[in-house]
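Residue numbers (this note's numbering): 72 to 105.
All C-beta atoms in this analysis are idealised placements derived from N, C-alpha and C, irrespective of residue type, glycine included.
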(Lines of atoms letter the chains of each structure in order from A; the text may use other names.)
(Lines give C-alpha, C1' and ligand atoms only; values in the text may rest on other atoms or scores of the structure.)
Protein backbone atom coordinates (compact mmCIF):
# COMPACT_ATOMS: atom_id res chain seq x y z
CA UNK A 72 0.00 0.00 0.00
CA UNK A 73 0.86 3.63 -0.33
CA UNK A 74 2.38 5.62 2.49
CA UNK A 75 1.36 9.08 3.67
CA UNK A 76 4.18 11.36 4.78
CA UNK A 77 3.21 14.43 6.80
CA UNK A 78 5.61 17.36 6.96
CA UNK A 79 4.29 19.82 9.54
CA UNK A 80 7.11 22.34 9.04
CA UNK A 81 6.51 22.72 5.29
CA UNK A 82 2.79 21.96 5.75
CA UNK A 83 2.67 19.29 3.06
CA UNK A 84 1.20 15.81 2.93
CA UNK A 85 2.82 13.45 0.42
CA UNK A 86 1.27 10.22 -0.83
CA UNK A 87 4.12 7.87 -1.73
CA UNK A 88 4.06 4.51 -3.51
CA UNK A 89 7.09 2.48 -2.32
CA UNK A 90 6.44 -0.36 -4.79
CA UNK A 91 6.78 1.83 -7.89
CA UNK A 92 9.02 4.35 -6.07
CA UNK A 93 6.93 7.34 -7.12
CA UNK A 94 5.21 10.24 -5.42
CA UNK A 95 1.50 9.90 -6.18
CA UNK A 96 0.20 13.18 -4.79
CA UNK A 97 1.37 16.24 -2.86
CA UNK A 98 -1.25 18.20 -0.94
CA UNK A 99 -1.02 21.30 1.25
CA UNK A 100 -2.20 20.81 4.82
CA UNK A 101 -3.05 23.01 7.77
CA UNK A 102 -2.24 21.71 11.25
CA UNK A 103 -3.24 23.61 14.36
CA UNK A 104 -3.75 26.97 12.71
CA UNK A 105 -6.84 27.93 14.73
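In the structure shown, what three-state DSSP assignment does residue 61 receive? The requested residue 61 does not occur in the structure, where the chain is confined to residues 72 to 105.
Taking 6 Å as the cut-off, is the C-beta of residue 79 nearer than that to any heavy atom in the ligand NAD? No copy of the ligand NAD occurs in the structure displayed, which carries no ligand at all.
Can you check whether the CB of residue 83 is closer than 7 Å to the CB of residue 95? For residue 95 and residue 83, no; Cβs fall outside 7 Å.
Three-state secondary structure assigned by DSSP to residue 85: Strand.
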